[in-house]
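Residue numbers (the numbering used here): 119 to 506.
Structure follows, in structure tokens:
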């Protein structure tokens with residue numbers, strides 16, 4: 119005989135528990151609405167403060183001009199020192215403002231993300247822990263896909279079938295398209311990815327896409343070995359670069375989360391500069407390889423075997439533009455960082471980048487101000503160096 123007593127008892131427990139769940143859910147909805155209202159209020163307060171800050175900068179500029187007109191005297195010296203102090207305080211305040219702005223929903227996702235995801239989707243990461251986890255997952259994504267590209271390039275070299283070449287190109291197009299989306303999300307959430315590197319990835323999407331449309335023939339087979347070697351080489355360099363960037367991310371997180379003895383600003387900047395100087399020769403070889411490919415394709419343009427193939431001159435222009443942009447941007451980054459010396463503001467920015475501790479007035483880790491300029495490692499570059 120089948121008994122429903124146990125079933126009835128369990129259903130009774132479910133019914134008794136449901137009002138508790140409903141109460142908790144209602145409270146959650148209420149708190150969510152309150153959070154939304156507080157976000158709107160904080161956003162308006164932020165706009166008002168930025169307006170006051172803009173007025174302050176204008177007054178500062180006018181005061182500086184008035185002081186410059188004064189004849190040298192003790193009063194002028196005192197005024198200059200006072201303005202310098204105000205500027206230093208303003209720089210630290212600006213860092214705190216950027217922290218606050220980063221913990222509020224973004225005003226806009228930007229044209230690219232609005233086009234892909236729609237304008238009503240909120241992609242803001244409101245805590246530094248969320249930002250760190252997203253950035254960590256982003257670096258892991260690059261590592262895994264780059265290994266796959268490297269393996270596919272090697273397989274295509276060993277077994278020269280067009281279907282393998284097509285698979286490699288499909289993967290690269292998808293990879294670079296995905297990178298542009300992920301990096302746009304990072305930029306919305308405060309990441310300092312410069313405009314050239316985003317444009318660089320858009321151009322990099324086009325390169326394997328054009329190779330994919332290139333019909334098989336003597337011209338394609340002539341270029342194919344160079345393309346595969348180049349793809350394999352940049353994949354290896356990107357793996358080393360990914361290790362460097364992941365190391366930067368972990369150390370920045372340690373600066374924000376750990377005790378000051380866990381990792382120091384001096385140690386971080388020294389390690390990062392050494393890593394950058396190690397990568398630069400390999401990046402330079404990659405950029406020169408790109409220029410070589412652009413020149414090689416340009417020489418193919420008027421040959422009989424490549425007659426009528428638009429892919430040849432299109433790839434030549436694209437690779438030349440990418441190589442030129444990479445060389446100029448990387449050179450500017452290195453020169454600027456070599457000329458820059460560590461500052462109090464830079465130290466505060468480093469220690470707060472991935473800190474989840476909401477102690478606004480907490481002093482940053484100390485930096486040895488007495489160290490000679492030659493012994494100081496340049497501050498870490500916020501720009502990324504890429505080779506694609």
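Every residue, glycine too, gets a C-beta built ideally from N, C-alpha and C. Treat the numbers as computed from the prediction; the structure is a model and nothing was measured.
Straight through space, the alpha carbons of residue 365 and residue 126 are spaced by roughly 57 angstroms. The alpha helix (DSSP H) runs lying completely inside the stretch 303-355 and spanning 4 residues or more are 313-331, given in chain order.
DSSP places residue 164 in the helix class (H, G or I) of the three-state scheme.
The stretch 272-286 makes no contact with the stretch 254-264, as fewer than three CB pairs between them are under 8 angstroms. Scanning the stretch 175-220 for uninterrupted alpha helix (DSSP H) segments of 4 residues or longer gives 192-220, listed from N- to C-terminal end.
Taken in chain order, the complete alpha helix (DSSP H) segments of 4 or more residues contained in the stretch 230-298 are 246-276. In terms of CA proximity to residue 295, 326 leads the group 275, 326, 266 and 268. Three or more beta-carbon pairs separated by less than 8 angstroms are not found between the stretch 195-202 and the stretch 212-225, which leaves the two stretches without contact. Annotated three-state conformation of residue 224 is coil, per DSSP.
The residues 434, 437 and 438, in chain order, have a CB closer than 6 angstroms to that of residue 412 in the same chain once the five nearest residues on each side in sequence are set aside.
Residue 160 and residue 222 have their C-alpha atoms spaced approximately 8 angstroms apart. Shown here, residue 417 sits in a helix according to DSSP, grouped into three states. Counting the other Cβ atoms within 10 Å of the Cβ of residue 291 gives 16 or more, which makes it buried. 429 is the residue among 270, 307 and 429 whose C-alpha sits nearest the C-alpha of residue 341.
Contact between the stretch 329-338 and the stretch 411-426 is present: three or more C-beta pairs spanning the two stretches fall below 8 angstroms.
Of the candidates 271, 191, 415 and 410, 271 places its Cα closest to the Cα of residue 350. Distance from the CA atom of residue 305 to the CA atom of residue 186, rounded to whole angstroms, is 39 angstroms. Burial is judged here by how many other beta carbons sit within 10 angstroms of a residue's own beta carbon; residue 303 has at least 16 and is buried.
Here residue 158 carries a helix assignment [DSSP, helix/strand/coil].
With a threshold of 16 other beta carbon atoms within 10 Å, residue 189 falls short and is exposed. Around the C-beta of residue 258, fewer than 16 other C-beta atoms lie within 10 Å, and the residue is accordingly described as exposed. Separation of the CB atoms of residue 265 and residue 293 is rounded to 11 angstroms, and the pair is thereby denied contact status at 8 angstroms. Just measuring C-alpha positions, the residue of 227, 244, 432 and 317 sitting nearest residue 443 is 317. If you draw a 10 Å sphere on the C-beta of residue 180, you find fewer than 16 other C-beta atoms in it, and that means exposed. Taken atom to atom, the span from the alpha-carbon of residue 260 to that of residue 168 is near 37 angstroms.
Approximately 21 angstroms separates the beta-carbon atoms of residue 346 and residue 319; this is outside 8 angstroms, ruling out the contact. The shortest CA-to-CA distance from residue 399 to any of 207, 363 and 358 is the one to 358. As the crow flies, the alpha-carbon of residue 191 is around 46 angstroms from that of residue 394.
Secondary structure of residue 395 (DSSP, three-state): helix. In the three-state DSSP reduction, residue 437 falls in the helix class (H, G or I). In this structure, residue 404 places its C-beta atom within 8 angstroms of the C-beta atom of residue 355. An exposed status is given to residue 269, since fewer than 16 other beta-carbon atoms sit within 10 Å of its beta-carbon. Shown here, residue 425 sits in coil according to DSSP, grouped into three states, outside any helix or strand.
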